[in-house]
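Taking it in order: structure first as structure tokens, then the write-up.
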Amino acid sequence: MMARYVWLSEVPQHAQQLAEWHVAEWTSLIPAFNVADMITEFATHDGDMKIPTTLIALDQDELLGSVSLLENDHDDIRAYSPWLASLYVRPASRGTGLGIELVRRCEDVAYRLGIERLYLYTAGQESFYRKLGWRDVATVSLRAVCATVMDVAPRRLMAA
Numbered sequence: 172m173m174a175r176y177v178w179l180s181e182v183p184q185h186a187q188q189l190a191e192w193h194v195a196e197w198t199s200l201i202p203a204f205n206v207a208d209m210i211t212e213f214a215t216h217d218g219d220m221k222i223p224t225t226l227i228a229l230d231q232d233e234l235l236g237s238v239s240l241l242e243n244d245h246d247d248i249r250a251y252s253p254w255l256a257s258l259y260v261r262p263a264s265r266g267t268g269l270g271i272e273l274v275r276r277c278e279d280v281a282y283r284l285g286i287e288r289l290y291l292y293t294a295g296q297e298s299f300y301r302k303l304g305w306r307d308v309a310t311v312s313l314r315a316v317c318a319t320v321m322d323v324a325p326r327r328l329m330a331a
């Protein structure tokens, strides 16, 4: 599998599938999530060097995963901003390094935008992010789910 990374705004035909994945994955944390609203939100993600934006990974034209850069990610956590959000890798592509690459590419965009601290929240994937240099900032309760807010100083992606 050789993934290529493009802005969702460049290939909007993938918004429906991505919205379905996101709603299925995170509706327990954000119950108002629905596919139509996600597609509408994705339409505001204009591409590189802007917030909000969504980067997707494709194998030819097959959607593999995504990550977003948002000003705010959850109504209950407005004290922190901006956010690496909605990191998602389809189950068949997990464990391949795709998630790491999506995180790094999002950090690179944040770095190029001059962002000094980038935040995320997770409920259960703390060790994954710690291995990438993220640190715990706070513990929050989101709809009875305990989540960890984490941060990192974004780094420039080094060309191979």
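Under the numbering used here, residues 172 to 331 are what the sequence shown spells out, in order.
Virtual Cβ for every residue (Gly too), placed ideally from N, Cα, C.
In this text the structure is predicted, and so the values were computed from the model without any measurement.
Asked	Found
Do you know how far the Cα of MET220 is from the Cα of VAL280?	6 Å
Less than 9 Å between the beta carbons of PRO325 and TYR292, yes or no?	no
When DSSP labels each residue in this structure, what does LEU328 get in the three-state scheme?	coil
Within 10 angstroms of its Cβ, does ALA250 collect 16 or more other Cβ (buried), or is it exposed?	exposed
If you measure between the beta carbons of LEU273 and SER237, is that distance less than 9 Å?	yes
Apart from the five residues on each side of it in sequence, which residues of its chain come closer than 7 Å, Cβ to Cβ, to HIS185?	LEU179, ILE227, LEU234
Using DSSP bridges, identify the partner residues of CYS317.	SER312
Going by other Cβ atoms of all chains shown within 10 Å of its Cβ, with 16 needed for buried, is MET321 buried or exposed?	buried
What do you reckon, are the CB atoms on THR224 and ASP217 nearer than 9 Å?	yes
CB-CB under 8 Å to ALA256, same chain, minus the five flanking residues each way: which ones, in chain order?	VAL238, SER239, LEU240, LEU241, ASP244, LEU291
Work out the CA separation of ARG327 and LYS302 for me, nearest whole Å.	17 Å
Spell out the partners DSSP gives SER239 in its beta bridges.	THR225, ALA256
Tell me where the alpha helix (DSSP H) around LEU289 begins and ends.	From DSSP, LEU289 is part of no alpha helix (DSSP H) but of the beta strand (DSSP E) over 289–293.
On a CA-only basis, which of GLY304, LEU289, ALA207, ARG175 is nearest GLN187? Give me that one, please.	ALA207
From LEU269 to PHE299, what distance separates their C-alpha atoms?	12 Å
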